[in-house]
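**Q** Protein chains in written order, with the UniProt record's numbering: chain A, 1 to 297; chain B, 1 to 297. Have a look at the structure that comes next, please.
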DNA sequence: GTTTGGTTCTGCATCGGTGCAGAATGAGCC
DNA sequence: GGCTCATTCTGCACCGATGCAGAACCAAAC
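In structure tokens, the structure reads:
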């Protein structure tokens with residue numbers, strides 16, 4: 001069986017008269033179209049085009065097959081249209097809860113795609129560090145990190161891990177150099193967590209590695225840690241999701257990384273919910289495509 | 001637009017109930033099917049399957065799209081069937097002339113495919129070193145090497161170059177070692193051409209490189225040269241097409257290679273011939289897929 | 001309870017398809 | 001004649017899709 005995808009190349013080339021124009025329309029290289037057509041011809045066992053310096057012209061066989069290819073295109077488009085329409089039919093509202101970090105970096109970028117896919121579904125984002133109760137309907141979907149507390153009655157879909165790593169301001173790293181191993185950490189000033197963040201494993205680890213009196217700053221908020229690190233006060237453990245896109249921050253690649261699982265959660269009673277399930281599945285796909293964001297470069 | 005080819009994965013997985021069976025049916029790896037389906041779902045913006053430990057089961061959306069995918073499959077098969085049928089309609093006879101080497105190594109292997117593609121076309125192969133006159137109808141198609149003698153009224157399609165190189169019997173090469181450069185050739189016994197082969201450029205070149213009295217054997221036929229070389233008499237220039245598949249022969253990779261163009265020729269008055277043109281095009285494709293044969297490993 | 005067989009899914013190495021740069025060719029225009 | 005422009009096609013380098021091996025999981029059979 002030939003490669004169905006190259007029927008598109010056939011159609012575009014037949015319509016536009018040259019592989020170059022077809023390639024531009026398809027968003028690929030001209031060479032690619034030429035080779036795919038050559039392969040298609042070999043698979044079908046005939047020559048679809050006459051090749052000239054001025055372009056590709058349909059051969060007799062090509063003209064005969066063109067209507068069939070067009071019919072196939074119609075079917076393919078019908079399928080795509082139905083898939084899109086399927087989303088359009090959904091109506092309703094959904095509330096999604098997440099930390100501010102996840103909301104800004106993961107949910108917000110996915111909103112346009114969700115809006116396009118499900119135009120009549122209104123999505124409300126609730127950013128909070130509190131664990132809203134999904135069973136009591138305080139939210140429909142939650143993005144949560146950490147594998148410890150599985151609750152009964154909660155269904156989870158795993159997302160790419162959130163990875164914490166050690167970062168430092170560019171200025172600091174250029175002055176003192178990047179720490180090549182954990183033992184070298186004793187030389188560096190570090191920034192530590194406070195309040196709830198005092199318990200975060202990567203921050204605790206860094207503080208323990210650092211020398212006596214190395215802690216130059218403490219903050220109970222992630223933005224606070226981020227800002228202090230960018231200012232060059234010292235090294236700090238940060239989520240790649242937060243630090244990865246910031247200018248002026250450098251990753252200490254030689255040091256430990258701290259992956260922790262992230263989940264998209266909802267209550268099992270909503271498993272068959274006609275709105276929640278498709279949107280949750282779509283959101284999962286969207287986020288998975290951004291895995292390098294979560295996991296750092 | 002999604003990738004049309006993955007609709008096949010969708011269909012097979014839906015029918016067989018697991019990506020593993022679908023992959024076996026498609027002749028690819030299970031992982032591949034899984035990833036292509038994941039991509040397809042992302043492109044369509046919905047989830048086609050429920051994934052279980054026991055296999056993939058169609059979701060509601062998947063069930064809705066299945067008939068459309070089946071219709072698309074019908075169209076694709078109709079197109080393939082028409083392409084095959086197109087060849088079946090051709091009836092007639094064609095005679096193809098080539099040297100014995102080309103006939104045995106290029107034409108003969110392509111005959112089954114031609115027979116399958118054009119079952120009612122009877123192909124006759126005329127092996128001769130003489131240049132039959134295409135205009136006078138002594139043959140319909142000729143496979144010819146060398147670019148020099150373009151005749152007016154002859155249309156040519158270029159095939160992969162035929163490459164000559166220096167070969168030696170395994171025994172000889174293991175005893176004396178492989179020549180690392182052209183200067184080293186003076187140490188080796190060589191086999192030279194005779195009769196018409198005395199003019200072949202690679203053979204002439206090798207004879208000139210060799211030292212005084214180095215020619216230990218002469219032959220006026222390619223099989224003769226081949227046999228003498230395999231016997232270990234000396235080094236010899238041979239076409240990769242002839243030497244490439246022979247056991248007991250070693251390529252002297254460090255030395256010069258001699259590419260020469262090969263053409264599939266027919267008379268321009270046959271350009272629109274309903275039998276000749278498709279068969280010639282098909283034959284060209286078949287031979288091009290064997291390029292490594294012509295050009296050596 | 002244990003084993004067996006089938007399944008999904010992940011990490012890593014590899015290969016083939018893809019893109020890029022450039023040569024060759026021919027049409028059209030000045 | 002010479003220039004420009006669009007085209008096809010080739011060689012080379014790279015990246016992403018693919019294959020492979022293995023882990024994890026579950027159902028069914030023993």
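All C-beta atoms, glycine included, are put in the ideal place defined by N, C-alpha and C. Treat the numbers as computed from the prediction; the structure is a model and nothing was measured.
Going along the UniProt domain "HTH lysR-type" (1-59) of chain B in order, which residues come within less than 8 Å of chain A, judged by CB to CB distance?
**A** The residues in question are 1, 2, 3, 4, 5, 7, 8, 38, 41, 42, 44, 45, 46, 47.
**Q** Extract the residue ranges of the alpha helix (DSSP H) inside the segment 117-143 of chain A, only unbroken runs of 4 or more that lie entirely within it.
**A** none
**Q** Can you check DSSP and say which residues form a bridge with residue 262/A?
**A** 145/A, 159/A
**Q** With a cut-off of 8 Å, does the C-beta of residue 278/A fall near any C-beta of chain B?
**A** yes
**Q** For residue 84/A, tell me which candidate among 106/A, 143/A, 120/A, 63/A has the shortest Cα-Cα distance.
**A** Nearest to residue 84/A by alpha-carbon distance, out of 106/A, 143/A, 120/A, 63/A, is 120/A.
**Q** Look at residue 166/A and residue 227/A and say whether their C-beta atoms are less than 8 Å apart.
**A** no
**Q** At 4 residues or longer, what runs of the alpha helix (DSSP H) sit wholly inside the UniProt domain "HTH lysR-type" (1-59) of chain A?
**A** 6-16, 19-26, 30-44
**Q** My assumption, with CB atoms under 8 Å, is that residue 14/B sits in contact with residue 66/B. Please give the rounded CB distance.
**A** Correct: roughly 6 Å between the Cβ atoms.
**Q** Pick out whichever of 36/B, 42/B, 18/B, 70/B has its Cα sitting closest to the Cα of residue 54/B.
**A** 18/B
**Q** Give me, in chain order, the residues of the same chain whose beta-carbon lies closer than 8 Å to that of residue 3/A; leave out the 5 immediate sequence neighbours on both sides.
**A** 36, 39, 40, 43
**Q** Taking residue 86/A as the reference, give the member of 286/B, 25/B, 248/B, 64/B with the closest Cα.
**A** 64/B
**Q** Note down, in chain order, all residues in the segment 77-111 of chain B with a beta-carbon under 8 Å from any beta-carbon belonging to chain A.
**A** 78, 79, 80, 82, 83, 84, 86, 87
**Q** For residue 134/A and residue 59/B, I'd like the C-alpha separation in whole angstroms.
**A** 24 Å
**Q** At the level of alpha carbons, what is the spacing between residue 75/A and residue 25/A?
**A** So the two alpha carbons sit approximately 20 Å from each other.
**Q** Let's see if you can read the secondary structure: which residues bound the beta strand (DSSP E) around residue 239/A?
**A** 236-239
**Q** For residue 153/A, count neighbouring C-beta atoms within 10 Å of its own C-beta (all shown protein chains included) and say buried if the count is 16 or more, exposed if not.
**A** exposed
**Q** Taking the straight line between their C-alpha atoms, what separation do you get for residue 270/B and residue 277/B?
**A** For residue 270/B and residue 277/B, the gap between their C-alpha atoms comes out near 8 Å.
**Q** At a Cβ cut of 7 Å, what residues of the segment 199-230 of chain B count as close to chain A, listed as they run along the chain?
**A** none
**Q** Measuring straight from C-alpha to C-alpha, what distance separates residue 125/B and residue 116/B?
**A** 17 Å
**Q** Residues of chain B with CB under 8 Å from residue 64/A, in chain order?
**A** 82, 86
**Q** Does the distance from the CB of residue 192/A to the CB of residue 182/A come in under 8 Å?
**A** no
**Q** Rounding to the nearest angstrom, what Cα-Cα distance links residue 255/B and residue 127/B in this structure?
**A** Answer to the nearest angstrom: the Cα atoms are 31 Å apart.
**Q** What does the alpha-carbon distance come out to for the pair residue 159/B and residue 288/B?
**A** 6 Å
**Q** Under 8 Å, Cβ to Cβ, is there at least one residue of chain B near residue 157/A?
**A** no
**Q** Answer with buried or exposed for residue 268/A, where buried requires no fewer than 16 other C-beta atoms within 10 angstroms of its C-beta.
**A** exposed
**Q** Going by C-alpha distance, which of 9/A, 32/A, 279/A is nearest residue 265/A?
**A** Nearest C-alpha to residue 265/A: 279/A.
**Q** Taking only the alpha-carbon atoms, compute the straight-line gap between residue 122/A and residue 88/A and give it to the nearest angstrom.
**A** 12 Å
**Q** Residues of chain A with a CB under 8 Å from the CB of residue 61/B: which are they?
**A** 83, 86, 278
**Q** With 8 Å as the limit, tell me which residues of the segment 252-273 of chain B have their beta carbon closer than that to any beta carbon of chain A; keep them in chain order.
**A** none
**Q** Report the residue from 189/B, 100/B, 224/B whose alpha carbon sits nearest the alpha carbon of residue 209/B.
**A** If we check each option's Cα against that of residue 209/B, 189/B comes out closest.
**Q** Show which residues of chain B have a CB atom less than 9 Å away from the CB atom of residue 182/A.
**A** Correct list: empty, because the minimum Cβ distance to chain B is about 36 Å.
**Q** I need the boundaries of the beta strand (DSSP E) containing residue 215/A, first residue and last residue.
**A** 215-219 is the span of the beta strand (DSSP E), which, as asked, contains residue 215/A.
**Q** Rounded C-beta distance between residue 222/A and residue 101/A? I'm assuming under 8 Å.
**A** 6 Å
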